Structures are given as structure tokens and as C-alpha cells.
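Visitor:
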Amino acid sequence: MEKSLPIPKNFSLSLLRSETARRLLAFGALIILIIAFSLLSENFLRFNNVIGIFIATAVNGVLALGVTFVIITGGIDLSIGTVMTFSAVMTGMFIAKWDMPIAVGVMGGILTGTLAGFTNGVLISWMRVPPFVATLGMMYVAKGLSLILSELRPIYFYDTPLFREIAMGNHFNIFGQSFDITYRGYDIPNAIWILFAAAIVGSFLLSKTILGRYTFALGSNAEATRLSGVKVNIWKTAVYTVCGTFAGLGGVLMASRLNSAQPALGQGYELDAIAAVVIGGTALTGGEGTILGTIIGAFVMSVLANGLRILSVPQEWQIVVTGAILVVVVYIDIVRRRQ
Amino acid sequence: MEKSLPIPKNFSLSLLRSETARRLLAFGALIILIIAFSLLSENFLRFNNVIGIFIATAVNGVLALGVTFVIITGGIDLSIGTVMTFSAVMTGMFIAKWDMPIAVGVMGGILTGTLAGFTNGVLISWMRVPPFVATLGMMYVAKGLSLILSELRPIYFYDTPLFREIAMGNHFNIFGQSFDITYRGYDIPNAIWILFAAAIVGSFLLSKTILGRYTFALGSNAEATRLSGVKVNIWKTAVYTVCGTFAGLGGVLMASRLNSAQPALGQGYELDAIAAVVIGGTALTGGEGTILGTIIGAFVMSVLANGLRILSVPQEWQIVVTGAILVVVVYIDIVRRRQ
Amino acid sequence: MSDTLVLMEGIEKSFPGVHALSQARFELLSGEVHALVGENGAGKSTLMKILAGIYSKDAGHITFKNRPDVHISSPRAAQNLGISMIHQELNLMPHLTVAQNIFIGREPRRRWNFMVDDKKTNSMALDYLQMLHLELDPRIKVSELTVAKQQMVEIAKALSFNSDVLIMDEPTAALTDTEIDELFGIIRSLRQKGVGIVYISHRLEELKKIADRITVMRDGNYVNTVSAATAPIDQIISMMVGRTIYEAAPELPEANTQPIVLEVKNLNRGRLIKDVNFHLKQGEIVGFAGLMGAGRTEVARAIFGADPVDSGEIYVEGKRVHIHHPCDAVRHGIGYLSEDRKRYGLTLSMDVETNVVLASFRNFLGALGIVKRDKTRIVAQNAVEMLSIRTPSVQQKARNLSGGNQQKIVIAKWLTADTKILIFDEPTRGIDVGAKSEIYKLLNELARQGKGIIMISSELPEILRMSHRVIVMCEGRISGELNIADATQEKIMYFATQRANGGSARADVAAAD
Amino acid sequence: AYPQDGEEEEDVKYCTEEIKAELEDQDIYIPVISKGFQHQFWQAVKKGAEMAAEDCGVEITFEGPETEAMVDKQLDMLQTALDKGPDAIVFAALDSKAAIPMLERAEEEGIPVIAFDSGVDSDIPLATAATDNVAAAALAADMMAELIDGEGEVAIIAHDQTSRTGIDRVDGFTARMEEEYPDIEIVDTQYGAGDQLKSTDLAKAIILAHPDIKGFFGANEGSIIGVLNAVVELQMEGEIVVIGYDSGVQQMEAIKAGIEAGAITQNPVGIGYKSVEAAVMALMGEEIEENIDTGFFWYDAENIEAEEIVPLLYE
Ligand SMILES: Nc1ncnc2c1ncn2[C@@H]1O[C@H](COP(=O)(O)OP(=O)(O)OP(=O)(O)O)[C@@H](O)[C@H]1O
Ligand SMILES: Nc1ncnc2c1ncn2[C@@H]1O[C@H](COP(=O)(O)OP(=O)(O)OP(=O)(O)O)[C@@H](O)[C@H]1O
Ligand SMILES: [Mg+2]
Ligand SMILES: [Mg+2]
């Protein structure tokens, strides 16, 4: 058997091609939107606006990253919006109310998300509560707890000006110099770098690690995975924990950006994040998905929102257009994939 | 083999028993809540409050009825909240703006829901857009259209006082006399009868008709159903259409109760409805569910909300309690079912 | 050499409404192939699932390698003990690659024990695939494979555990003879190494070839263990069923002069179906033979409207029909019994009754689309009786029935739909001898009633026994057609290996025989 | 009538025909970022803003987030507005502190900012056109006390427990009651998100839980409609003193019908008008008043048709 692998190179290449093509769809949508908006408004591509789009993507992008994992397992997490808020509030509690160092507050905030995600995971895997229900419950609980802890008022970070720098400073800036001159010293805020760093971590987790492998396996056939001796409960819990952790990071970013923890915000953000994941080509039935797609999906969402605003499209029409584009992109994706 | 059917009667009986038991769980939760609240507040069981609970259940109950069908097929409908609003607005357009007779307006409103549901169905079955995405898109589109059509203003039904009677009158009242004396002539409003009539129609559709059989079959194994020569696309579309129709009815009830069509309201109602369905023992994985369970689930939700309000529990705690109860009821249901 | 590996005694297991095992017993020595046989629902799979840690037993003892009362709490625990199982139903992750499937749960790892080493996974997988002489790229996704190839992947996966105990629950159900031979070669070499192999199969003729001992189960009870070499098949069968069964000598079907009911012309679908032409007469059984992936299923699905075709014409009773959807096929009187009943045949969470009438609800409708429940119940009960489907009642969920009984439900569905053309895709896969002969009887009876039957089967004896005519496929083409009088296993194999690129060595061997 | 803050000033519009002509040539663009867009109150503000835009010959856009919780979405809107290179910005901050960096950017780019509805904790806005919600709610408390003779149980339905207006109105009402009217007890305060249906069920539960309740305050339009529905559904018209906020057809009808005792109205049209006008004045280099108090007013069945009230109400 000399030709034991008859089509090895070709095959993986053609696989790659189809994968890339699929990603290209969301990417194509993004490019089309960008071109269209640039043509329709000269303000769209202004440096400040581009940065604005990036910042607007940061939180939603981070949430979407986390929920990508959950969706690949075939689950759903409706709690990420309010868990994000809960994490922001906890960060506020640590830093502003209990006067802890910023680092402790940030860790505390992220870990709050981790804990909420872990709870979701336990409910879903050991107690077999369906993901939709468990996370819907968590959505309410996290929302209520945020309000209770914050005593219904925003928590401000005025005593710790450094906190705002986490998202809005530009200490990691590498291109600093070149932009400084042209763009009135307006640099690239950390939030953007954090988003990309989170995406790289997410991508690494998903494609290189055992966690990622089991994420796909669970989504593809959880029972077969279990019968293969994988401790599915533990890994499923891990996946929701990862998702919660990303939501925690999102909360810190949100708090830092607003320089305050806003306890009432958050509900509805899960839908934006899920929409980003879906636009990015991840199937809600589980088993497949990519981080790159999710990031592109998140950008599609924020470019759309920004562009329609730049064009001063009436808000009620913005809502209609967003809904329609969501369906159209997913539909085209499906048609492409079927071919 | 004489005993080829060893335990036929018994078995179906024990099945029935377990089904009843399952329903009894949500029912048990309801009873417990009612007893607890009655003990904690004498006002809880006052006739007016009970009627208040029923009325508060009407809209959510009707929405939940519709989405029960969808959930049994293994799908989801996130658009029912805003489709309800859209239907209310259309009713307003027909009656208040275009001066059509009330009957036409009511039909128009309900048919608006039907049409939206039909659109969802077509997107989902023929165009293969996943239900979550298709109905999320519809959620936005219906919301935007409501705002556009109403020009962001409530539409009032002041010129047609009869319209309000649809939900709040008591023309079908059968117990009228007996209550008139004691309760200041406060009768049972039509909304309650309409809810029960809708439940009976829903129950009939689900358990007696071919639509119901296929609803379950689709949720159990859509591909096997297709390969049995069933036109699954048509039936799936029919299911979403039914769901939309119920949402349309919900819109009419809401408009009638508020005597106005409020274009900004509606988002979030879908989650309450889905929660009611789930508390009622219908599995989100599809293939099983009952109308009775849904109705009980809807009552659990509104009794909980009402009781906590009666007790003046702070609202942030109400949110936490609602979330926790949702998870607990579903969890107990799961434990029971596993046994 | 022959140490006792496993001893299971007094095993009890109940499911709701079913006492699946009572005082079941099983013994496995190292270096033996121990066949486990019994009718559908006898409890074979259940017993082995207990050994593999999937179900927990209600009572009884398991002695493993002289350790009494071992507790096998999970599949992982079983694996750690050295017990692995190939399941009757495919248990693969379709979105993962072949290699990822084989090593799921045991991925070679890199840094921090947290990163997976895909290169190593692929090369190790390739080793096992080559051991099975399987030409498969380990990087291909399992969803792109045929059922047969998926089954081979399952086997490769089970082998990769290097277990002391290997349970094979109907491993050959989806395989054709060549693959079965490969598999037997592997089983023999494992036996040499001292591995104990549990072999569950309904193909009793295989047992003589491969098994050392045979344990027979009936209705959840242990019946007897006999030596494969000495026990006659008849005796095994009578132990299985506890009665003598219908086993008429294969009646040589007479030539059919009835009118044509189905004619397929120039059917094409990509590279899966190439220019397929054939016809089917009333009262005729046409056997479709071929190796795995020959395209028989594709043809059946295409005729049935389950998949779109590129071109082709279909005539039913001389009239051109257009079939775009299975419902068109059903309307024109064509029924299709798929090869994967769980995925394509049954609504598992629904009751037997619904499954039986699923294809013919329109015959039971009253006003307003109300389903006449009393009628459907009677029809379902009749079907259950006629096919002797073992179920507590027609209200039992299909999920809770054994594989063979599930298959019978699917057959009942098409009988209820009363179609004049029936396509049976592997109708006896995973069905015990008793039920098998009942189904053969049924097929003959249906043919006598004038139905046209296409029977796709990978079991050549079955093809030879049942068909009036045999059509052989290879790589999406019809490579040969034989009248039953001329048909032999060798000739069928010859056509089945007529690859477009000049045939194959194996075909030459087959032809030379 | 109960005029507040005393004097009835004569409204002099800044934009004359000449100014309009002058500005029209300059293609002035002023984005108005509000706290919301779906509610009638914001629609009335928008109307006022559009009137001013019309009078002054400038172009405006009006947008706001869907709920008053969406602080970040509002910042995104503000950022986009700044990127459009506007001539001035009119802004109602959901969270005044969170918005400061954006306002600093506006200052840096030399874009004048006018605040409305509620102030910004910053000296960047050149002027603020707002209602003192605390004082307005206190007036509602005074009226309530008067109408129930200074004693008894009252309850509040408000729209939002975290938004500025929600907090201010509840606090204003509650504080005044506590300070001035010891015999009045606020038995419950609940929040219905401005959702008429939810507010109805809330109000109903409260009335039933407190059978002796004498008064009810609804702190925005959606809330008061809920209270009115509850009273009507319980057939307790006239038995409970209902006091509302803002206007809208339903509320005005209820006041005329005597179901609602009266309501506080702000001057939303005025707020919209004045703030855009102030932005224009800033562009023209005029001196502008820092605090443009558009005032609030009590109206009831008596003065609802009055000349000075009618323009403040929206349908
Ligand atoms: N999960 C389950 N729930 C309820 N009943 C079950 C379950 N699994 C198996 N059974 C029942 O237990 C009995 C034994 O089934 P099992 O699958 O072990 O049979 P089998 O001998 O493997 O049959 P086959 O040859 O058809 O595969 C059958 O009556 C079956 O219906
Ligand atoms: N999803 C798929 N993607 C790509 N190729 C496929 C797919 N399914 C089947 N094939 C290919 O189509 C051909 C025909 O497969 P088919 O299942 O029809 O064969 P068959 O004769 O029915 O074999 P079997 O005995 O395994 O049922 C094979 O070459 C197979 O590899
Ligand atoms: Mg079995
Ligand atoms: Mg096949």
C-alpha cells in the first residue's frame, strides 16, 4: 500500500479552502459594509470613527468570544449580558467600595464572571438543566444581584483614575508614534488590544488545546464523547466557565470604559453577542465554529450600527435593517455552505 | 408466545400516571406558591387580586401557548414579544387610523401575527435559517416596523370604546350574577375567557389534530418525518404561523387592555413566555410538551410576580427570586422525570 | 493461556416497564472469541453495556481478572480496566476528523498536558487505519464518510485501546464481505495476543468462522454456552428462540412476467450516481448488491426524492413522475426503509403507534384535521402483532425498544402506508434469525401480493436467497445485472469490483475462483 | 393655576428671519443625543428641537438609546456624532460622569456642547436646559398632601430605579413627604420600566395589597398610565387620588374625566427648542444663560385648557 494516503495534501487544502470561503462570507459582508459606508459618508473612515468602531466592538466582541465556545458545544448562554454587569459591579465593589488595589478588583471582577459561568456549567452538566433555562435563570439572578450590591446606583471609579486606563489608555500602544502626529495624539486605546489578545487566547484554546477539542466533540455528539470515556460534565462545565470568564473580562472593560459600573445595563447584550457569533458562521446546532468568524461577526454588527448612525438613518429603520441583515447574512452563509 | 403483550393496560396507565405527575410538579409549585402567599398576605386571595392575576396571565399565557408549539418542534421563537406589539399597532392602524370596523381591526391584528409567524416559518423551513436567528431577526424587524408605522406614538382607541371591551368587558360572563353583589359588580373580564378559549383551541390542535402529531414528530426527528413523506417544510411553517397567530391575539388583547397600541413595548415578553413553557414541563429539546403545562407555567410566573409585589418585596430581589425559582422548578422536574 | 478474564454472574437490570436482564451470566477467557447471540431484545447489548460501564447493574457480580466484585462505574473506568466496546449504534462525532474520533479522550498531548498534538494523533491514527487496510485520510471529517466507513473508524477506535477485553456489538452489520474478512483477520491476530473478544452478531454463519464459544441468551436470561466448532447452527437457533422457526428452503423465485412498475432512466447525481438505468416489475424482488459506498443508498434516496438529482427520469407504472420530495414518492406509491433507522427511520421519543402510522396519517383524518386515534391504535396493534414486535404496548416510546424491534416498526410503517413499490435498504441489518426469516417471509408475501421490491443488501446469501434479479453496483454505476438462476457470490463480487480504472486485484481473485 | 418659579416670562425667540437666512448658508449641523427615542416625552423634545432647527435654519438629527440603562450605547452615539464633524452638540447624559471624556474631546475640537434634561457634572456644557426633577416631584408630593388632607397611605410607580430621572422623581417625592408630611406613609415604591402593561399589574397589586391606599403617584407617562388602568380596572375611579407626570392623550383624558387629580408637566418641547436655540446662539457667539430653566408646572382639570399650559402638553 504505497498510496496509503491518496489525497492527503489536496484534501486538507480543499478543506481549508471551504473553511476560508465560509469565513470570507462574513468577511465579505464586512468589506461590503465598509465600502458602502465609506462611499456614502466621508466621515466613516475618519481615524476617530474607526477607533470608535473598535471600542464599540471591544465589549461585544469579548462577550461573543466566550459564547462562541458555548455555542460550539450546542448550548447557549443568555446570562452573559447581566453577568458582565455583575462583574462590573463586583469590580466596583472591590475597588471603589472596599478600597482594594485595582489589580485585585480586576481579578475579582473577572473571577465573578468565572464563578457565574461555573455555576451555569454545574447546573447544565450535573443537574441537567437545559442551557437555555439555566442561563435564563442566571440572567435574572445576576441582574438582581447587580442591583442589590450596587444599591441601584452606578459605582464610580473616580478615586482610581488608573482604572479607566485599562480600557481607554494606550500603554500597550506600539504604533503610537506614527499616529501621534497625524491624529492629534489620539492613540489606539487598550480596549482594542485587549480584544485582540482575548481573541488570540480564545483561538488558541479552541484550536490547540484539549478544551477546544472537547468543545467541538461535545457539540458534535455529546453521548459519543461520554462513551469514549471523556468526563463530559467536567468539560462542559469548563466551557461555561470559560464563557463566564470572558463575560467577566467584558464587565471589567465596560466598567473601565464608562469609568463606572452601571448596574442596570447589560440585558440584551447577550443577543448582540450571539448574533455576532452566528454572523461569524458558527452554527447554533453545535460542532463547528471559529473565533475569527466571531470577531468578524462582532465587527459586522458594530460597523453596521456605526455606519447607519453616521448616515443619520432614523433609529427605527436602523432596527429593521439590523434584523434584516442578520437574517440575510446567515441565509447567504447557509446557501454557500450547502453548495 | 401468548404473552406477547405482557403489560399493556398497566403500562399505559403508569405512563399516564407519570405524565400527570409531571404536570403536577408545575401544578405543585403553583399550589405551594399560592398557599405561601395566602399565608403571608391576606390580600393575596382577595377576589380582585385573583382576577388581577388572571388578567396579568392573559397576554403572557397566550404568547406562551403559541410558542409551546414551536418549542415542541425543537425550535424557538424570540420574535413573539415584538410581533405582539406589531399586531397591536396594526390593530390600531386599522381601527383608529383607517377607521375600519373593530372586527376588521381585530382580524387584521391577528393576521399580522399570522403573517409574521408565516415569514418566520418560511425563513426557517425553506431557507433553513436556524430558528434562533430567523426569529431574532424578526424580533428586530417587527420592533422597527411598529415604531415606523405608529410614528413612535401610541395609537389610542378612544373613538371606539367597544374595543376595550374585548379584553376588559364581561359579555361572556357566566357567573355574573353571583359576583355582582359581593364584589362591587366586578366581573370576570373577557381576557380570562379568551385565554382559556385559546388554551382549549391550542390543546385541541396539539393533541387531536394532524398538526399536533406532526409538531411532535418534527421535534422528535425531523429527518425521519421527512423521509416518511411528510411535507415537513409546510408543517414547520404551519407551526410558526400558529405561534405568530397566538402572538397576534396577544397583541389584540394587549391593545384592548391598554386601550392603546404602545409601539415601544414588547421586547422581553418572549423570555417570560418561554419561561412559562419551560416551567410547564415542555422540553426545549423538542418532542414533548403539553398545553396544560404551559398554562400552569404561565400562572406560576404571574402568581410569583403578584405575590412578591403584594408582599412588597423589593424589585431587585423579585428578579433574583424569579430567576432562582425558574431554575429550581425545572431542576426538580428533571429529577422527577429521570426516576 | 486461557485465564478467565471476565465472569459476570446473576446480573439483573430493569428499565421502566422492561426487565431486560434476569440472572444473566457470561464468561470470557483470554484469547477467545466468545459469541453472544439471541433474539432482538434478548439483552445482549444491555449485558455488554454493563460490562463497559455504560449502564449500572441492579444486582449481580462481575469478576475481572480474578478480582471479585469489580465496580465499573463509567466508560472511563471500563477503559482503565482494559475493556472497550464497539457499539451497535455508531458513536462518532461527525464534525471531528477520523483521527480525532479515534483518540477522543486520549489525545496525545503537548505542553502542560493541555495542548493536543494533532500531528501525532494523525500519524497514530494512520497506523491503526493501515492495520485495517483502510484507505482513509485521518484528517477527513467523519460526517463525510459512508456508514460502512464510519463503522470501520469505530473498529479502529476500539482497537486503539489495546484492551484486554474487546466487545463488538454487531460490528459487521454495516460491512460487506471484504471488510468482514479484514475484520476477521484482525480479530484472529488479537486472539493470538490473548485478547478476549465478545462478538455479538445476528449473522450466525459468521460464528462458525470466527467464534470459539457461543453463549445464547433469551428474554434476558442465560440459556447455554456451547462450543462453536461442534454445536450445529440449528441447535443454536432453537436455543435462541425456544421454538423451531420458519426456515423454508429458499424457494427459487420463478421468472416474472408481470408489468413494469418502476423504471429509472439515466439517473445522475454528481459522482455518486452515474447514469443508472433499471426497471422493476410488479411482484418482483430486485436485489441491489455492491461493496460499501457503491452508491446503492444514494440511488434509493434519489428515487425516493430524499436528495436532489442532476438528471434522470422515473416512471411509475409507465407514467413519468416527478419526485422532488419524499412526499411525492409516497404519493406515487414508493416507500423507503433507510439503512440507519435511528437517524432516518424513527421518531424515537414518540410512541410505537405514531411511528407506525407516520407515513399514512392522511388515511386517518377526520374533519378539521382530527386524527382518528382509535383507528391508528388498532392499526398499530395489528402491525405489532403481525410482525411480533416486542413492546409492552403501542404507547411505548420507540427509544425503549431493542434495535431489531425498532427496525420492525419502520417496516410496519411502510406496510401501513400500503405502497406498491418498496425500497428496503439493508432490511435485516441488526435483526436476529427469527425476525429475519419472518421478514423474508414478509418480503415474499409482499411480492406475491404484487408489490415491487428493491432490496439493498450487503449480505450476499440474503441477496441470492431473496432476489428474482440481482443488480450490482460499483462506484455509482450499475456494473452488472444477473438473473437469479445465473447469480453466484463470485459473479456478484466480480461485478462489484469493476472499478472504472481497470478493476482490482481482488476482483480477479474472485473471478478466478 | 399654579405657576412655578414665579414669573411668566415673555418668550422671545432668538432666531429671526435674518439669522435663519445667515445660518442656512452655512450648512450648520447639530446632532441631538437624547436619553431615549421611543417615549413620548423624548418625541416631544424632538419636536421642540425640530421647531428650533426650522426657525434657525440648521440641520439636526435626534437619537437616543433604547433604554435609559444603555450608557455605553449612548457614548457610541455621542462618538459617532462627534465624528460627523458637527458644529455643536446637544446632549442629555444618561450618566454624566461617564460622558466626560467624550465631552472633553468635543471641547478639544472646539465643538460647543449644550446639555439638556439633566445636567453634566462638568463645566464643558455652555448651558443646560433642564427640569429640576427633584423639585418637580416635591411639588407633586405637596399636591398629593393637599388632596388627601395630609394623612394616609400613598404609593409610587416609577419607570426606572437606576436612571437619573427615575431616582430624582422618587427621591424628590419621598423626601418631601418625609420632611413635611409625617402622617403620610409611602407604603410601596415599584418600578415598571415605563411599560404600561407591567405598570398596570404592579399598580393593581399595590392597590390590592393596601386597601386603605389614598393616593398614587406615577412618575412618568408609562407609569401613570399603568396606575390609571389599575384604578379603572378595579373600578375605583375617584376613590384614589392619582397624580401623574408628563402628559399624553390618555393622561389628559383621565384628568378631564376626573380619574386623575392632576399632573406635573415639564416643558419638553421647550427643552428641545431652548437647547437647540442655545447651541445656535453659542455658534453665533452670543452670551448664553448657563441654566436655562424650562420649568415645570402643575396642571389639572381646571387649567388644562389654559393658554400657558396647552403648549407644554403633548398628545
Ligand atoms: N435505555 C433503555 N430503556 C428502556 N428499555 C431498554 C433500554 N435499553 C434496552 N431496553 C430494553 O431492554 C431489552 C434488552 O435490549 P437490548 O438492547 O439489550 O437487546 P439486544 O439483545 O441487544 O437486541 P438487538 O439484537 O435487537 O440489539 C429490550 O426489551 C429493550 O427494549
Ligand atoms: N456526505 C458525503 N459526502 C461525501 N461523499 C459521500 C457522502 N455520503 C456518501 N458519500 C460517498 O458516496 C458514495 C456512495 O455511498 P452510499 O452510501 O450510497 O453507498 P452504498 O452502496 O449504499 O454503501 P453502503 O453499503 O455503505 O450503504 C460513496 O463513495 C461515499 O463515499
Ligand atoms: Mg443490541
Ligand atoms: Mg447504503
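For the protein sequence lines, the chains are P, R, U and Z, in the order given. Per this note's numbering, the first sequence starts with residue 1187, numbered consecutively. Per this note's numbering, the second sequence starts with residue 1187, numbered consecutively. Per this note's numbering, the third sequence starts with residue 39, numbered consecutively. Per this note's numbering, the fourth sequence starts with residue 8, numbered consecutively. Note that beta-carbon positions come from the ideal geometry of N, C-alpha and C, so glycine has one too. These figures come from a predicted structure and were not determined experimentally.
Starting from the beta carbon of Gly1470/P, find every residue of chain R whose beta carbon is closer than 9 Å, and list them in chain order.
Guide: The sequence given here has Leu at residue 1470/P, not Gly. Under the 9 Å cutoff, chain R gives Pro1316, Pro1317, Phe1318 and Val1319.
Visitor: Listed in chain order, which residues are found with a beta carbon closer than 5 Å to a heavy atom of ligand 1?
Guide: Chain-ordered list of matching residues: Phe53/U, Val56/U, Ala58/U, Asn78/U, Gly79/U, Ala80/U, Gly81/U, Lys82/U, Ser83/U, Thr84/U, Asn438/U, Leu439/U, Ser440/U, Gly441/U and Gly442/U.
Visitor: Is DSSP giving Gln433/U helix, strand or coil here?
Guide: The answer is coil: DSSP assigns Gln433/U none of H, G, I, E or B.
Visitor: For Ile1241/P, is the classification buried or exposed, using 16 other Cβ atoms within 10 angstroms of its Cβ as the cut-off for buried?
Guide: Answer is buried; the Cβ neighbour count reaches 16.
Visitor: From Ile124/U to Gly1434/R, what does the alpha carbon distance come to, in whole angstroms?
Guide: Rounded to whole angstroms, Ile124/U to Gly1434/R spans 52 Å at the Cα level.
Visitor: Let me make sure I understand the geometry here. Which of Phe1223/P, Leu1211/P, Leu1264/P and Gly1355/P has the alpha-carbon closest to that of Gly1452/P?
Guide: When each option's Cα is compared against that of Gly1452/P, the closest is Leu1264/P.
Visitor: I want to verify the contact list: residues of chain P whose CB lies under 8 Å from the CB of Asp102/Z, in sequence order.
Guide: The answer, in chain order, is Pro1340, Leu1444, Ser1446 and Gln1448.
Visitor: Where does the unbroken alpha helix (DSSP H) through Glu1409/R begin, and where does it stop?
Guide: Where Glu1409/R is concerned, the enclosing alpha helix (DSSP H) stretches over Ile1396 to Arg1412.
Visitor: From Asp178/Z, Glu260/Z, Gln197/Z and Gly255/Z, pick the residue whose C-alpha is nearest to that of Asn140/Z; which is it?
Guide: If we check each option's Cα against that of Asn140/Z, Asp178/Z comes out closest.
Visitor: When you check each C-beta in the stretch 1249-1280 of chain R against every C-beta of chain Z, which residues fall closer than 8 Å?
Guide: Listed in sequence order: no entries.
Visitor: Where are the beta strand (DSSP E) runs, 3 residues long or more, that stay fully inside the stretch 409-461 of chain U, in chain order?
Guide: List check, beta strand (DSSP E) in window: nothing returned.
Visitor: According to a CB-to-CB cut-off of less than 9 Å, which residues of the stretch 1495-1509 of chain P neighbour chain R?
Guide: Those residues of the stretch 1495-1509 of chain P that come within reach of chain R (Cβ to Cβ, closer than 9 Å) are Pro1500, Gln1501, Glu1502, Trp1503, Gln1504, Ile1505, Val1506, Val1507, Thr1508 and Gly1509.
Visitor: Take His171/U and list the residues in its own chain whose beta-carbon comes closer than 6 Å to its own, dropping the five residues that flank it on each side.
Guide: Here the set comprises Glu220.
Visitor: So, for Val233/U: in the same chain, excluding its five sequence neighbours on each side, which residues have a beta-carbon less than 8 Å away from its beta-carbon?
Guide: Counting only Cβ-Cβ distances below 8 Å, and skipping sequence neighbours, we find Ser68, Gly69, Ser201, Asp202, Val203 and Leu204.
Visitor: Report, in whole angstroms, the separation of the C-beta atoms of Thr1300/R and Thr1431/R, which I expect to be a contact under 8 Å.
Guide: Going by Cβ atoms, the distance from Thr1300/R to Thr1431/R rounds to 4 Å, so yes, they are a contact pair.
Visitor: I need the DSSP call for Arg256/U, collapsed to helix, strand or coil.
Guide: Arg256/U: strand per DSSP, three-state reduction.
Visitor: With Met1147/R as the anchor, note down where its alpha helix (DSSP H) starts and where it stops.
Guide: For chain R, the structure presents residues 1187 to 1525; residue 1147/R sits outside this window and is missing.
Visitor: Quick check: is the beta carbon of Lys80/Z nearer than 8 Å to any beta carbon in chain R?
Guide: It does not; no Cβ of chain R falls within 8 Å.
Visitor: Run down chain P in chain order and give the residues with a C-beta less than 9 Å from the C-beta of Pro113/U.
Guide: What Pro113/U touches in chain P: Arg1412, Leu1413, Ser1414, Gly1415 and Val1416.
Visitor: DSSP three-state call for Ser496/U: helix, strand or coil?
Guide: Three-state DSSP puts Ser496/U in coil, outside helix and strand.
Visitor: Would Asn1530/P count as contacting chain Z if we go by Cβ distances under 8 Å?
Guide: Missing from the structure shown is residue 1530/P; chain P here goes from 1187 to 1525 and no further.
Visitor: Looking at chain R, is there any beta carbon in it that lies within less than 8 Å of the beta carbon of Gly76/U?
Guide: So no, Gly76/U is outside the interface.
Visitor: Taking only beta-carbon positions, decide if Gln117/U is within less than 8 Å of chain P.
Guide: Chain P, which has a Cβ nearer than 8 Å to the Cβ of Gln117/U, makes this yes.
Visitor: What residues from chain Z crowd round Asn1356/R, counting only those whose CB sits closer than 7 Å?
Guide: Neighbours of Asn1356/R on chain Z: none; closest Cβ ~12 Å, over 7 Å.
Visitor: Are the Cβ atoms of Ala136/Z and Phe123/Z separated by less than 8 Å?
Guide: In contact: Ala136/Z and Phe123/Z (Cβ atoms closer than 8 Å).
Visitor: Determine the DSSP secondary structure at Cys512/U, reduced to helix, strand or coil.
Guide: Three-state result, Cys512/U: strand.
Visitor: What residues of chain P sit near Gly269/Z, judged by a beta carbon separation below 7 Å?
Guide: What Gly269/Z touches in chain P: nothing, since even the nearest Cβ is about 29 Å away.
Visitor: Is the CB of Glu217/U under 8 Å away from at least one CB in chain P?
Guide: Not one chain P Cβ lies under 8 Å of Glu217/U.
Visitor: Which residues in the same chain have their Cβ closer than 7 Å to the Cβ of Asp12/Z, if we skip the five residues on either side of it in sequence?
Guide: Summary for Asp12/Z: the model assigns pLDDT 44, below 50, so the residue's position carries little reliability, and this model does not support an answer.
Visitor: Go ahead and pull the three-state DSSP assignment for Lys357/U.
Guide: In the structure shown, Lys357/U sits in a strand (DSSP, three-state: E or B).
Visitor: Going along the chain, which residues of its own chain have a beta-carbon closer than 7 Å to the beta-carbon of Ser60/U, five neighbours each way excluded?
Guide: Once the five neighbours on either side are set aside, the close Cβ partners of Ser60/U are Glu50, Gly258 and Asn259.
Visitor: Could you check the C-alpha separation between Phe1223/R and Ser1498/R for me, to the nearest Å?
Guide: Approximately 12 Å, taken between the alpha carbons.
Visitor: Check whether chain Z comes within 8 Å of Met1313/R, counting only Cβ atoms and requiring the distance to be less than that.
Guide: Judged by the 8 Å Cβ criterion, Met1313/R is not in contact with chain Z.
Visitor: Do Val395/U and His370/U have their beta-carbon atoms positioned less than 8 Å apart in this structure?
Guide: No, Cβ-Cβ distance for His370/U and Val395/U is not below 8 Å.
Visitor: Given that a residue counts as buried once 16 or more other Cβ atoms are within 10 Å of its Cβ, and exposed if not, what is Trp1284/P?
Guide: Trp1284/P is exposed by the Cβ-count criterion.
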